[in-house]
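Residues 303 to 471 (the numbering used here) make up the sequence shown, in order. Glycine included, each C-beta is placed from N, C-alpha and C at the ideal position.
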Amino acid sequence: MSIKKMISKAASNVSFTKHESKIKVGDKAPAIKGIDENGKEFDSKSLKGKKVVLYFYPKDNTPGCTAEACSLRDNYKRMLKEGYVVIGVSADTPVKHKKFIEKYDLPFPLIADEQLELIKAYDVWGKKKFMGKEFEGILRTTFVIDEKGMIEEVISKVDTVGHADQILK
Numbered sequence: 303m304s305i306k307k308m309i310s311k312a313a314s315n316v317s318f319t320k321h322e323s324k325i326k327v328g329d330k331a332p333a334i335k336g337i338d339e340n341g342k343e344f345d346s347k348s349l350k351g352k353k354v355v356l357y358f359y360p361k362d363n364t365p366g367c368t369a370e371a372c373s374l375r376d377n378y379k380r381m382l383k384e385g386y387v388v389i390g391v392s393a394d395t396p397v398k399h400k401k402f403i404e405k406y407d408l409p410f411p412l413i414a415d416e417q418l419e420l421i422k423a424y425d426v427w428g429k430k431k432f433m434g435k436e437f438e439g440i441l442r443t444t445f446v447i448d449e450k451g452m453i454e455e456v457i458s459k460v461d462t463v464g465h466a467d468q469i470l471k
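This is the structure in structure tokens:
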């Protein structure tokens, strides 16, 4: 089965309670802190003066999350040319992130937010339904942050396959 068909099938079984992040365009972006795929501390102080694509996704190695990561990977040179730094965040462990990066040759860091601190700071934790069961989880959302650390764009309706195009439009 093709990745597009897998994503479509998985997406048809997931629904979300209406939720919009309290973080809006024009807001100061919360600090980005966490542990990267190598177990090292990551801090947004190193991003000062850079444009950032900060994308939150539910889980490594799932069809939609893989498609999204690969869209960003395949367009990474374009994103760098436009001056963007790309950073992914999920609640997976650094070990899972490292395997995900190696499996799909991802050229950007992934932050492991197992304690949900960054996820909750960006208000992307909410109710979801999958196959009739309701649970809480990460709501796929991307924040584009300008060089001054201000939110430039919030993308809550992510097209996993064409996500880079959504950002670079």
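Three or more beta-carbon pairs separated by less than 8 Å are not found between the segment 406-413 and the segment 430-440, which leaves the two stretches without contact.
Distance from the CA atom of K326 to the CA atom of K398, rounded to whole angstroms, is 30 Å.
Comparing alpha-carbon positions, the option among M452, K342, D461 and Y357 lying closest to G390 turns out to be Y357.
Shortest Cα-Cα distance from D394 to any of P332, F437, I453 and D362 involves D362. Under a 10 Å Cβ-count criterion, E438 is classified as exposed, with fewer than 16 other Cβ atoms of the shown protein chains found around its own Cβ. Within the same chain, Y406 come within 7 Å of C372 by CB-CB distance, once the 5 residues on both sides are set aside.
In the structure shown, the three-state DSSP call for M433 is coil. Beyond the five residues adjoining it in sequence on each side, D345 comes within less than 8 Å, by CB distance, of A333, I334 and K335 in the same chain, given in chain order.
In this structure L470 touches R380 by the C-beta definition: roughly 6 Å separates them, less than 8 Å. Collapsing the DSSP output to three states places I413 in a strand. Listed in chain order, the non-local C-beta contacts of D329 below 6 Å within the same chain comprise I453, local neighbours out to five positions each way being set aside.
Relative to E343, the option among P396, S392, G385 and V387 whose CA is nearest is P396.
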